[in-house]
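J.: In the numbering used here, the protein residues as written are 15 to 210. Sharing a structure, written as structure tokens. Questions coming.
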């Protein structure tokens, strides 16, 4: 186990109930917190224009984990910062930043895959690979509002919805080029304008 939590008799599952109606605001608060960390650490988006300037985009894709028993509250493991020319930067939690329960869960996933415990694996990678986490895109938000967040995450887990890892890693902000993502992005943008 990592960080000295090797007492196998302890149950690190949670008995927390989070109202599904609160998921979006819970996720947004975590995104805001991680965005502040990105800024305070001086992390810049990848890629530069010919004049040396960087993009002024504030577009981020949160990496959200959920499991009914092991991670019952939506947890933002990191952010994908989009840059220029399809470049992206993944910023997120390290193992030491995870709750004891998530570290235990991650170790179980690593053991299942036959991977060594104690290596500083990227938690977002491990949870995305296990389909416990997804990179949240605009269409996911609209789907979750209509069908429920738990249903959306269940479909990711069952392979019926994408984790979006490949599209985001290879295309960056162009992951929004797909028609359903464009429509959803536009709809969410109009909502935020209406709120002002």
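Glycine included, C-beta positions come from ideal geometry on N, C-alpha and C. Remember, predicted model here, so these are calculated numbers, not experimental data.
#1: Among residues of its own chain, excluding the 5 on either side of residue 173, which ones have a beta-carbon nearer than 8 Å to its beta-carbon?
#2: Grab the span of the alpha helix (DSSP H) containing residue 32 for me, first residue to last.
#3: Please list the terminal residues of the continuous alpha helix (DSSP H) segment that includes residue 81.
#4: So, helix, strand or coil for residue 149, using DSSP?
#5: Could you check the C-alpha separation between residue 110 and residue 157 for me, to the nearest Å?
#6: Out of curiosity, what's the CA-to-CA distance linking residue 96 and residue 106?
#7: Using a Cβ distance threshold of 8 Å, determine whether the region 111-122 contacts the region 161-181, with at least three qualifying pairs required.
#8: How should residue 152 be labelled, buried or exposed, when 16 other C-beta atoms within 10 angstroms of its C-beta is the threshold for buried?
#9: Count the other CB atoms, across all protein chains shown, that sit within 10 Å of the CB of residue 50; report buried if there are 16 or more and exposed otherwise.
#10: Can you list, in chain order, the residues of its chain whose CB lies under 7 Å from that of residue 90, leaving out five sequence neighbours each side?
#11: Tell me, please, which residues DSSP counts as bridged to residue 102.
T.: On the basis of the supplied data:
#1: 145
#2: Premise fails: residue 32 is in no alpha helix (DSSP H) and is neither H nor E.
#3: Segment 74-81 is the beta strand (DSSP E) holding residue 81; no alpha helix (DSSP H) there.
#4: strand
#5: It is roughly 32 Å from the alpha-carbon of residue 110 to the alpha-carbon of residue 157.
#6: 14 Å
#7: The region 111-122, when compared against the region 161-181, does not touch it at the 8 Å Cβ threshold.
#8: The residue is buried, with at least 16 neighbouring Cβ atoms inside 10 Å.
#9: exposed
#10: 41, 44, 45, 48, 76, 77 and 78
#11: 96
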